[in-house]
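In this note's numbering, the protein residues as written are 1097 to 1274.
Backbone N, C-alpha and C define an ideal beta-carbon position, used for all residues, glycine too.
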């Protein structure tokens, strides 16, 4: 499996998502929940990727859920999920990553994100502590480039579409690399 090292932020996002489903804090979740995590984070799963995820074998002994259901749920450990997650991210293009990030922030599925969406995801969920001023500036920069047909449809300067978000992220990554 071709793995890509996760950035600090990617690992934090992945760990936080995993822990939401690992209610007992044992380092394991059922595979169905692993698929839900990937979907919630905006990653489309192919049949081959689902098969790959299902091929992971639990390193714990068998678990009996109840006497009426002798088949234990299919589990995946944190390390196995991390391995799968880094594999999935390594296969994705930057455009796909931006799209997934946008979907994560567009909690109301309105087709745009706001400062409040960014604050919730970046500062509260990912704990990045980005200043309100920087978030406002980022959105205003994107919003100032709103095409006329969006303005006519009522899109405000403090609302960013998926396309604008992708451009902003591409520009931000270029600034980091330079």
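Beta-carbon proximity check, residue i vs residue j, cutoff 8 Å
i, j, result
"residue 1278", "residue 1186", "Here the chain has residues from 1097 to 1274 only, and residue 1278 is not among them."
"residue 1145", "residue 1198", "no"
"residue 1183", "residue 1123", "no"
Assigned exposure category for residue i - 16 Cβ within 10 Å defines buried
i, result
"residue 1151", "exposed"
"residue 1233", "exposed"
"residue 1067", "Not covered by the structure: residue 1067. The range shown for the chain is 1097 to 1274."
"residue 1109", "buried"
"residue 1255", "buried"
"residue 1140", "exposed"
C-alpha distance - residue i paired with residue j, whole-angstrom precision
i, j, result
"residue 1260", "residue 1196", "14 Å"
"residue 1231", "residue 1181", "28 Å"
"residue 1117", "residue 1211", "27 Å"
"residue 1200", "residue 1179", "21 Å"
"residue 1131", "residue 1170", "12 Å"
"residue 1189", "residue 1147", "21 Å"
"residue 1215", "residue 1126", "30 Å"
"residue 1209", "residue 1265", "14 Å"
Cβ-based neighbour list, residue i, same chain, cut-off 7 Å, excluding 5 preceding and 5 following
i, result
"residue 1219", "1225 and 1226"
"residue 1176", "1152"
"residue 1203", "1213"
"residue 1194", "1261, 1262 and 1265"
Residues of its chain near residue i, where Cβ-Cβ distance is below 8 Å and the 5 sequence neighbours each way are ignored
i, result
"residue 1113", "1133, 1136 and 1137"
"residue 1129", "1117"
"residue 1115", "1121"
"residue 1228", "1211 and 1215"
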